[in-house]
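Before any comments, here is the structure.
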């Protein structure tokens, strides 16, 4: 049984995909989920942006830090513009735990299970021209897991939590006219 819940919603009015060049930063996820998440994110954003979206690891001429923290300052966002010359930057962080819940805060004292996998995904979009966060949402999920030797459940939760966020974006966003 899988449970998903929104942890934080800031700047969730939707995204205007109608203009600009977009850069997706390196997705921070465990090695089991990273490739799957990268392919999924590139596909979803390409559906909106076609050739106006690039993946930072495929662009060799960029001057970017290897990891961009969540909720960066305005000056850091403007520095991303200088190093990348894109209009928007997508930052995705995936955290997961299996039987170690000490690093996670559960809203409303979410129930604990002895054998539980937990993950959360944060997706933020930065307008590099204005130096602002224009979209930010974090979704968490958990699954009761009888097998403590596999990482598949946390990968499933990571993809599921990302899907909750992308569905929110699809409902609220301005799609480009083709």
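Numbering (the working numbering), first residue to last: 999 to 1176.
Ideal Cβ placement from N, Cα and C applies to all residues, glycine included.
- Nearest in C-alpha terms to residue 1082, of all of 1136, 1016, 1039 and 1022, is 1022.
- When C-beta atoms of the segment 1057-1067 are compared with those of the segment 1079-1094, three or more pairs fall below 8 Å, so the two segments count as touching.
- Pairing residue 1095 with residue 1124 gives a Cβ-Cβ distance that is not under 8 Å.
- Non-local C-beta neighbours of residue 1154 in its own chain, meaning closer than 8 Å and more than five positions away in sequence, comprise 1000 and 1141, ordered along the chain.
- Assigned with DSSP and collapsed to three states, residue 1044 falls in helix.
- Within the model, the alpha-carbon separation for residue 1131 versus residue 1137 is close to 17 Å.
- With a threshold of 16 other beta carbon atoms within 10 Å, residue 1055 falls short and is exposed.
- Closest option to residue 1133, judged by alpha-carbon separation, among 1002, 1013, 1024 and 1043: 1013.
- Of the residues assessed, residue 1057 falls on the exposed side of the cut-off, its CB having fewer than 16 other CB atoms within 10 angstroms.
- Within the DSSP bridge table, the entry for residue 1165 names no partner.
- Closest by C-alpha distance to residue 1079, out of 1119, 1047, 1060 and 1005, is 1060.
- In the structure shown, residue 1027 adopts coil according to DSSP, grouped into three states.
- Bounds of any beta strand (DSSP E) do not take in residue 1054, whose DSSP letter is neither H nor E.
- If you look at residue 1006, you'll find it isn't in any alpha helix (DSSP H); it sits in the beta strand (DSSP E) that goes 1000-1008.
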